Structure formats: C-alpha cells, structure tokens
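The structure appears below as structure tokens.
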Amino acid sequence: MDTRQTEESFPMSQSKFLVLVREMVGGSFGGSVGLPADTDNPLPPGPWDPVIRFALRGMISTTRQMEIGGSLGEEVALNPQPLPPRTAFAMLLAQEVISRAELIQDASDAMGSDGGGGRQSAGGRYAARFVEDICGNDFRFRWPFPTPRPRWFAEQISATDFAVIASQFDQAAKAAFNRDMQRGFAQASGKLLETGVTKLR
C-alpha cells in the first residue's frame, strides 16, 4: 500500500486521525471533569511515566476495594472517609516506587550484585533517584494516557503531595528488613519532607 497516496487522498494528517480515533474509543476520561491536554506545550515522556501509570491504575482497583468495605493502609483505617483522589494517587505512587525498589533489591541480593563497601544498595539507589527527580527543580507529573487528565491531576507537586509521599517512605523504612533499605527509605522520607516544607515558605 502506497502511504504517500493515502496521505494525499485523506483530508487530515495521520497523527490528527489517530488522536480522533483515541478520543472516539477512550471517551473523555471522566466526561466534563477532564482537562484537555496542553497540545501547545506537551510534557515529554519521562522515566517515571510507567510508575505514574501503575499508581493511577491502582486507584481504580483501590476505589472498588473501598466500595466493598476494604481500606488503603493504616491511614484509612484511622479515618474511614474516602481519600481525596490526589492523596490516594500520592500514596499509591510512593507505594509503587517502594515496591519496585524492594524488588530491585531482592533481585540484586539474589544475584549477589551489591558489593557493599559503603555503596548504596541497588534498591536504595532506585528510591534515591526517584526522590532526586521529584525534589528537583520544576519536576511535573505527566498524565500518561491519551485521554484528557482529570482536574485533580495537577502537574505541579504540592507540599501536601510531598508530605504524603514522605509518610509512605517513613512507613517503609520502619517495615524494611534490609538495613540499607531502612536507611535509604528514611533518607528519602527526610528529603521529601524537607522539600515539602520549603514549598510552604
């Protein structure tokens, strides 16, 4: 098939056509509450997009679990009100990063890859990289789906977001078996909290 001929005979570009198809198939995520993508200044794909995607998908299953009487960690057990979507997202994002860091550490331990000698563990390096990235200048969350983002999904990270993520790393530090991971998660929590406090000034 001659693509040049198709493009000449088709009244719109391939990229515009694919956007149209995505909108037809996916709808407008949340109907009228969705915000259109900023097509003039789109954020480029980032290394944390898969983690953000997993956290957002986790929100769907968590919402369903809470509807049938479940809860999301100790925080919800203390206050059985539904969490605001942004708070739930921040918690699930942190838990996804922590889970991946623990998995990386388990794989590293199993392969005997971490040589020690004062070096940070593989899982600790992964967690530290996440913290350095989101605490860095002008880090923004990118909505990783082709549908419009919901209104609660702000790109900028707030002081509350930092505090919620820090609380999850603190909890992970207390629960970690590996001492390097305990130390890494505790350092991550401290850095996140410090960054959150500076946002309040």
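In my numbering, the protein residues as written are 1319 to 1519. Glycine residues also receive a C-beta, built at the ideal position from the N, C-alpha and C atoms. Note that the structure is predicted; figures quoted are calculated from it, not measured.
Helix, strand or coil for residue i per DSSP?
i	result
Pro1468	strand
Arg1437	coil
Leu1390	With a pLDDT of 49 at Leu1390, under the threshold of 50, the modelled position of this residue cannot be trusted; read the value that follows with caution. Three-state result, Leu1390: coil.
Arg1501	helix
Arg1458	strand
Assuming residue i contacts residue j (C-beta within less than 8 Å), just tell me the rounded distance between them.
i	j	result
Arg1460	Gly1376	Wrong, their Cβ atoms sit about 17 Å apart, outside the cutoff.
Glu1414	Met1499	Not really, about 16 Å apart at Cβ, beyond 8 Å.
Val1482	Ala1408	4 Å
Phe1487	Ala1373	Contact doesn't hold; Cβ gap of about 15 Å is too wide.
Ala1484	Leu1518	That belief does not hold up - the Cβ atoms of Ala1484 and Leu1518 are roughly 13 Å apart, past 8 Å.
Which residues bound the alpha helix (DSSP H) around residue i?
i	result
Asp1479	1477-1493
Pro1427	Sequence inspection shows Asp at residue 1427; the Pro mentioned does not correspond to that position. Run containing Asp1427: 1403-1429, per the alpha helix (DSSP H) assignment.
Are the C-beta atoms of residue i and some chain B residue less than 8 Å apart?
i	result
Arg1371	The chain inventory of the structure shown lacks chain B, comprising one protein chain alone.
inquiry  = With a threshold of 8 Å, are at least 3 pairs of Cβ atoms found where one atom belongs to the stretch 1501-1519 and the other to the stretch 1438-1455?
reply    = yes
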